[in-house]
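K.L.:
First the structure, which I've put down as structure tokens, then a few questions once you've had a look.
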Amino acid sequence: MHDDQRRIYELEYPAPVVKDSSSEDKGPTMIVAMHGYADAGQAVEASADHLKAALESRQLASFNSDELMDYRSRRPMVTIDHDRTVEIENIELGIKVLRDNSGKSFLLLSGPEPDLRWEAFTEAVVGIAEKFDVHDTILLYAAPMPVPHTRPTVITAHGNSPELVGRMMKIEQTMMVPGSAALFLEKALDKKGRNVAGFTVSVPHYLASSPYPQGTFSLLNSVSNAAGLNLPLRSLEEDITRVNQQLEEQVMDSEEVSSVVQQLEQQYDHYHERYRKEHPNALLPGEESVPSGEEISAEFQAFLANLDGDSEQRHEVLDSEIDDREDAADRAAEDDEDNQEGEN
């Protein structure tokens, strides 16, 4: 490790176990949920907070705030009790090892996006990913979009791994967006040949400044499906129900808001109808994951192969049983002959 990297972060010693003994040769998944960029509805920050609160975790690496943060732009909160300064808000940017509901380990990089030294930060994170043999990296984003809250939430995926992106909706155009530390990390991991994907949840633009639990749920549910993680999401469903009831009351009380929502619904339906025609195998929002024709064919071939294998195994067992029975019959006949000779 370079001295420069050593100043940026510190690994815990002894380091927690990262790779499960039951995970064969595949390394862990790393989820990147840094807030401060593209976090409409606070969906990214809430995703990280939910995972850390709901699952067992241990610190793996801690990043040095003095090296990466601009305190004047963030102004951590300070508590003053009468005439004494008693507490200063801690800025925590780090990587934790978490275990899902099934005991499977994964990494979570969370905290505020660094203000400074993005290239050095990226190099450090890539080095940690290589050190602990991270197999897949999924970065979370949340963007304000002209979509209604009354329709299934859209998750758009991009990345170099068909396994992670799968049949999710894709970006259909070339676009330029403001840079971020997470995007720097995406590019660097891709250059290293490691599986990487970005999941972006579309948050209704009129809800972008307030917590939107549906966005958090959709991000984590997509991560769960793509990475094969068993994540606890039930409490988020309860939050979604509560927020939806509040939104429904607000929409019903305002004809103007109701009209805007109806226009967004029409745009949403028209766009997804066109997308379905252009991408017949895509998995659209609200649809269950149904295997494609190719996947069904592959599974059927594997099923037939297993039948053949089972059939051969059954024949071998049957032949073995027949041989055993014939041997037993021969021995019984010999015993009878011996008994008869003894009686004579």
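For what it's worth, this note's numbering labels the leading residue of the sequence shown as 128, then goes sequentially.
Cβ coordinates follow ideal geometry from the N, Cα and C atoms, glycine included.
1. Can you tell me which residues form a DSSP beta bridge with Phe89?
2. Determine the extent of the alpha helix (DSSP H) in which Tyr398 is found, giving its start and end residues.
3. Can you grab the Cα-Cα spacing for the pair Met472 / Phe233, in whole Å?
4. In terms of residues, what are the limits of the beta strand (DSSP E) holding Thr368?
5. For Glu216, I'd like the list of residues in its chain whose CB is within less than 6 Å of its CB, leaving aside the five on either flank, ordered along the chain.
6. Which partner residues does Pro239 have in the DSSP bridge list?
7. In the DSSP assignment, find the unbroken alpha helix (DSSP H) run with Glu299 in it and report its ends.
8. What residue from Glu246, Leu187, Ala173 has the CA that sits closest to Thr343's CA?
9. Identify every run of the alpha helix (DSSP H) within the segment 172-219, keeping only runs that are complete inside it and at least 4 residues long; order them along the chain.
10. Leu243: buried (16+ other C-beta within 10 angstroms of its C-beta) or exposed?
11. Taking the C-alpha atoms as reference points, what is the distance between Glu400 and Trp245?
12. Quick check on the DSSP output: the alpha helix (DSSP H) that includes Leu356 runs from which residue to which?
13. Suppose the cutoff is 7 Å on Cβ atoms and the five residues either side in sequence are ignored; what does the same chain contact list for Asn466 look like?
14. Using a 10 Å radius around the Cβ and a threshold of 16 neighbouring Cβ atoms, would you call Val304 buried or exposed?
15. Going by C-alpha to C-alpha distance, which of Val384, Asp227, Lys318 sits closest to Glu183?
16. Report the three-state DSSP secondary structure of Leu316 (helix, strand or coil).
17. Applying the 10 Å Cβ sphere with the 16-neighbour rule, what's the burial state of Val274?
18. Going straight from the alpha carbon of Val328 to that of Glu137, what length do you get?
19. Any idea if Val144 is buried or exposed, counting beta-carbon neighbours within 10 angstroms, 16 or more meaning buried?
20. Return the Cβ separation of Val218 and Ser192 in integer angstroms, given the expectation that the two are a contact with Cβ distance under 8 Å.
21. Beta-carbon within less than 7 Å of Leu360's beta-carbon, same chain only, minus the 5 sequence neighbours each way: which residues are those?
22. Rank Glu383, Glu240, Gly154 by C-alpha distance to the C-alpha of Phe259 and give the top, closest one.
23. Mapping DSSP to helix, strand and coil, what is Lys258?
24. Under the rule that 16 or more other beta-carbon atoms within 10 Å means buried, what is Gly230, buried or exposed?
25. Measure the alpha-carbon distance for Ala167 versus Val213 and round it to whole angstroms.
26. Hey, would you say Ile265 sits closer than 9 Å to His285, going by beta carbons?
P.N.:
Reading off the structure:
1. Outside the shown range of the chain, which is 128 to 471, sits residue 89, and nothing can be said about it.
2. Within the sequence shown, residue 398 is the residue found at index 271, counting from 1. For Tyr398, the uninterrupted alpha helix (DSSP H) segment begins and ends at 382-405.
3. This structure cannot settle anything about residue 472, because the visible part of the chain is limited to 128 through 471.
4. By 1-based counting over the sequence shown, the position of residue 368 is 241. Run containing Thr368: none in the beta strand (DSSP E); it sits in the alpha helix (DSSP H), 361-379.
5. The residue given as residue 216 occupies position 89 in the sequence shown. Pro203, Met204.
6. Along the sequence shown, read from residue 1 onward, the residue named residue 239 stands at position 112. Note: Pro239 sits in a beta bridge opposite His162.
7. On the sequence shown, position 172 is the one that residue 299 refers to. That residue, Glu299, is in no alpha helix (DSSP H); it is neither H nor E in DSSP.
8. In the sequence shown, the residue the question calls residue 343 occupies position 216. That would be Ala173, whose Cα lies nearest to the Cα of Thr343.
9. 192-195, 198-201
10. Within the sequence shown, numbered from 1, the residue matching residue 243 stands at position 116. Exposed is the call here.
11. As a first step, residue 400 is located in the sequence shown; it is residue number 273 there, counting from the start. As a first step, residue 245 is located in the sequence shown; it is residue number 118 there, counting from the start. Whole-angstrom Cα-Cα distance: 40 Å.
12. Within the sequence shown, the letter at position 229 stands for residue 356. From DSSP, Leu356 is part of no alpha helix (DSSP H); its letter is neither H nor E.
13. Working through the sequence shown from its first residue, we reach residue 466 at position 339. Confidence at Asn466 is low in this model, with a pLDDT of 49, below 50, so its placement is unreliable and the value that follows should be read with caution. Taken in chain order, the list of residues that qualify is empty.
14. Mapped onto the sequence shown, residue 304 falls at position 177. The residue in question, Val304, is exposed, as its Cβ has fewer than 16 Cβ neighbours within 10 Å.
15. Reading the sequence shown from its first residue, position 56 is the one you call residue 183. Comparing Cα-Cα distances from Glu183 to each of Val384, Asp227, Lys318, the minimum goes to Asp227.
16. By one-based count along the sequence shown, residue 316 stands at place 189. Leu316: helix per DSSP, three-state reduction.
17. As a first step, residue 274 must be located in the sequence shown, where it is residue number 147. Its Cβ being crowded by 16 or more others within 10 Å, Val274 is buried.
18. As a first step, residue 328 must be located in the sequence shown, where it is residue number 201. As a first step, residue 137 must be located in the sequence shown, where it is residue number 10. Taking the straight line joining both Cα atoms gives about 32 Å.
19. As a working mapping, residue 144 is identified with position 17 in the sequence shown. Exposed, since its Cβ has fewer than 16 Cβ neighbours within 10 Å.
20. As a first step, residue 218 is located in the sequence shown; it is residue number 91 there, counting from the start. As a first step, residue 192 is located in the sequence shown; it is residue number 65 there, counting from the start. Strictly speaking, residue 218 in this sequence is Ile, with Val absent from that position. Indeed they touch by this definition, with Cβ atoms about 5 Å apart.
21. Start at 1 with the first residue of the sequence shown, and residue 360 comes out as number 233. The residues are Phe344, Leu347, Asn348.
22. The residue you call residue 259 lines up with position 132 of the sequence shown. When each option's Cα is compared against that of Phe259, the closest is Gly154.
23. By 1-based counting over the sequence shown, the position of residue 258 is 131. Note: Lys258 maps to helix in three-state DSSP.
24. On the sequence shown, residue 230 is found 103 positions in, with the first residue counted as 1. The residue in question, Gly230, is exposed, as its Cβ has fewer than 16 Cβ neighbours within 10 Å.
25. For the purposes of this step, residue 167 is taken as residue 40 along the sequence shown, with counting starting at 1. For the purposes of this step, residue 213 is taken as residue 86 along the sequence shown, with counting starting at 1. If I take the Cα positions, the gap works out to 33 Å.
26. The count along the sequence shown starts at 1 and reaches residue 265 at position 138. The count along the sequence shown starts at 1 and reaches residue 285 at position 158. No, they are not a contact pair.
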